[in-house]
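Everything in the sequence shown is counted per this note's numbering, starting at 46 for the first residue and increasing by one. Ideal Cβ placement from N, Cα and C applies to all residues, glycine included. Just so we're clear, the structure is a prediction, and the values are computed from it rather than from any experiment. Worksheet for the structure shown next.
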Amino acid sequence: MTPLLELAGVTKRFHAGTPSEAVALRNITLTLAAGDFVTVIGSNGAGKSTLLKTIAGMIAPDAGTISFDGRDITHLPVYRRAATIGRIAQDPGDSTCAAMTIEENLAMAERRGMPRGLRRAVTQTARARFVAALAPIGLGLESRLGIRVVALSGGQRQALALLMATLAGARLLLLDEHLAALDPRTADIVMDLTARVVAERALTTLMVTHKMQDAIRFGNRLIMMHAGAIILDVRDDAKAALTVEALVTRFHEVGSEMTEDRVLLTT
Ligand SMILES: Nc1ncnc2c1ncn2[C@@H]1O[C@H](COP(=O)(O)OP(=O)(O)OP(=O)(O)O)[C@@H](O)[C@H]1O
Ligand SMILES: [Mg+2]
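In structure tokens:
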């Protein structure tokens with residue numbers, strides 16, 4: 046079976062050839078089967094965000110190739126990947142349009158990838174679809190379709206971003222600490238929604254998290270990054286058997302600076 050995502054020899058350096066050179070990705074080779082739900086952990090600066098941005102097309106690798114569904118997308122611009130590859134980051138402002146209403150955001154997502162001429166006003170049938178999609182989340186968004194997104198809380202915006210990614214037809218979901226800016230209760234609600242959406246749509250997912258408990262609990266596979274490389278890749282039963290202690294030990298083995306690291310503080 047063709048893997049959904051395949052990275053081969055992907056390397057990215059910032060400020061190459063200067064004293065501040067940083068190797069963010071070091072010859073990364075990674076294959077994701079359709080339906081893989083991979084959690085990604087690693088200390089600050091390990092290259093997690095760079096990995097996701099490179100897959101989303103926001104950063105061009107210096108070397109290596111990226112294939113999606115058997116097609117080389119290494120040089121495909123972001124907007125041509127946006128319908129099938131959804132990315133949600135920590136800042137809720139990145140994934141939703143603040144000046145537009147909830148229904149306008151959803152309509153925009155639904156029409157992503159369609160010709161511009163089709164992007165017209167929100168129809169009644171679309172509205173009914175949005176209400177049906179929003180109601181189960183339990184954040185009360187279904188009764189506020191006409192309000193501007195700027196008035197929503199961070200958690201409501203992240204939940205909306207998740208729905209937008211699925212409405213746009215995403216097959217690959219890239220989550221870069223998408224719960225990190227939320228209070229614990231809201232983070233739980235949005236994580237539940239994430240797990241539900243991923244399962245219902247059988248989305249292939251890469252989820253960066255600094256909560257090791259979440260990294261162990263969710264998904265069928267876990268990767269740990271350090272200094273631009275993948276230093277641990279476990280799945281299925283081996284993943285289910287992981288403990289926070291085992292992961293902390295692994296961090297120590299590679300000399301990760303654990304004392305000040307958020308990873309430790311938030312287990
Ligand atoms: N736009 C950029 N310009 C210069 N250097 C960058 C840039 N983005 C990332 N880097 C560097 O690349 C390396 C990897 O950064 P990245 O943001 O991918 O790490 P991360 O694993 O996401 O860390 P964190 O847990 O802090 O989010 C770091 O050394 C970082 O300083
Ligand atoms: Mg990051």
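> Short check: CB of Ile73 to CB of Val55, under 8 angstroms?
Replying inline: Along the sequence shown, one-based indexing puts residue 73 at 28. Along the sequence shown, one-based indexing puts residue 55 at 10. In contact: Ile73 and Val55 (Cβ atoms closer than 8 angstroms).
>> So the candidates are Ile130, Arg116 and Ala78; which of them puts its Cα closest to the Cα of Leu97?
In response: Along the sequence shown, one-based indexing puts residue 97 at 52. For the residues Ile130, Arg116 and Ala78, the minimum Cα distance to Leu97 belongs to Ile130.
> Would you say the beta carbon of Asn72 comes nearer than 7 angstroms to a heavy atom of ligand 1?
Replying inline: As a working note, residue 72 is residue 27 in the sequence shown. No, the beta carbon of Asn72 sits no closer than 7 angstroms to any heavy atom of ligand 1.
>> Suppose contacts are defined by Cβ-Cβ distances below 8 angstroms. Is Gln203 in contact with Leu184 by that definition?
In response: Your numbering for residue 203 matches position 158 in the sequence shown. Your numbering for residue 184 matches position 139 in the sequence shown. It is not a contact, given that the beta carbons lie outside the stated cut-off.
> My guess is that Ile147 and Ile192 are in contact by the Cβ rule of under 8 angstroms, so how many angstroms apart are they, rounded?
Replying inline: Numbered from its first residue, the sequence shown carries residue 147 at position 102. Numbered from its first residue, the sequence shown carries residue 192 at position 147. Going by Cβ atoms, the distance from Ile147 to Ile192 rounds to 6 angstroms, so yes, they are a contact pair.
> Who are the near neighbours of Glu149 in its chain, counting only those whose CB is closer than 7 angstroms to its CB and skipping five residues on each side?
Replying inline: Counting from 1 along the sequence shown, the entry for residue 149 is found at position 104. Around Glu149: Val167.
>> Nearest by alpha-carbon distance to Ala244: which of Asp221, Val176 and Leu207 is it?
In response: Translated into positions along the sequence shown, residue 244 becomes position 199. Nearest option by C-alpha distance: Leu207.
> Which full runs of the beta strand (DSSP E) of 3+ residues lie inside the region 204 to 246, going along the chain?
Replying inline: 217 to 221
> Using a Cβ-Cβ cut-off of 7 angstroms (strictly less than) and excluding sequence neighbours within five positions of Arg157, which residues of its own chain qualify?
Replying inline: By 1-based counting over the sequence shown, the position of residue 157 is 112. Ala127, Ala128 and Ala213.
> Nearest CA to the CA of Asp107: which residue from Arg125, Ala53, Ala78 and Asp136?
Replying inline: Position 62 of the sequence shown holds residue 107. Among Arg125, Ala53, Ala78 and Asp136, the Cα nearest to that of Asp107 belongs to Ala53.
> CA-CA distance, Met252 and Ala173?
Replying inline: On the sequence shown, position 207 is the one that residue 252 refers to. On the sequence shown, position 128 is the one that residue 173 refers to. The alpha-carbon atoms of Met252 and Ala173 are separated by roughly 30 angstroms.
>> On the CB-based measure, 16 or more other CB atoms within 10 Å of its CB, does Gly300 come out buried or exposed?
In response: Numbered from its first residue, the sequence shown carries residue 300 at position 255. Exposed, by the Cβ-count rule.
>> Please report the distance separating the alpha-carbon of Glu134 from that of His297.
In response: Translated into the one-based positions of the sequence shown, residue 134 becomes position 89. Translated into the one-based positions of the sequence shown, residue 297 becomes position 252. A small fix is needed here, since residue 134 is Ala in this sequence, not Glu. The straight-line gap from Cα to Cα measures roughly 27 angstroms.
> When every heavy atom of ligand 3 is checked, does at least one fall within less than 7 angstroms of the C-beta of Lys93?
Replying inline: Summarising the ligand content, the structure contains ligand 1 and ligand 2 and does not contain ligand 3.
>> Assuming Leu217 and Leu50 are in contact, meaning their beta carbons sit under 8 angstroms apart, how far apart are those beta carbons, in whole angstroms?
In response: Indexing the sequence shown from 1 puts residue 217 at position 172. Indexing the sequence shown from 1 puts residue 50 at position 5. That pair is a contact at about 6 angstroms.
> Quick one: is Phe113 buried, meaning 16 or more other Cβ sit within 10 Å of its Cβ, or exposed?
Replying inline: Here residue 113 is taken as the residue at index 68 of the sequence shown, counted from 1. Under this definition Phe113 is a buried residue.
> Short check: CB of Leu205 to CB of Phe175, under 8 angstroms?
Replying inline: One-based indexing of the sequence shown puts residue 205 at position 160. One-based indexing of the sequence shown puts residue 175 at position 130. Result no, Cβ atoms of Leu205 and Phe175 do not sit closer than 8 angstroms.
> Is Met153 helix, strand or coil when you go by DSSP?
Replying inline: Along the sequence shown, read from residue 1 onward, the residue named residue 153 stands at position 108. Of the three classes helix, strand and coil, the one that applies to Met153 here is helix, per DSSP.
> So what's Thr170 in DSSP terms, helix, strand or just coil?
Replying inline: Taking the sequence shown and counting its residues from 1, the one referred to as residue 170 is at position 125. Correct three-state label for Thr170: helix.
> At which residue ranges does the region 59 to 128 contain complete beta strand (DSSP E) runs of 3 or more residues, listed in the order of the chain?
Replying inline: 67 to 77, 82 to 87 and 108 to 113
> Using DSSP with H/G/I as helix, E/B as strand and the rest coil, what is Ser301?
Replying inline: The residue labelled residue 301 in the question sits at position 256 within the sequence shown. Coil.
> Just to confirm, does His60 get its C-beta within under 7 angstroms of one of the non-hydrogen atoms of ligand 1?
Replying inline: Against the sequence shown, residue 60 aligns to sequence position 15. The answer is yes for His60.
> With DSSP run on the structure shown, which of helix, strand or coil describes Ala283?
Replying inline: What you label residue 283 is simply residue 238 of the sequence shown in a count that begins at 1. Of the three classes helix, strand and coil, the one that applies to Ala283 here is helix, per DSSP.
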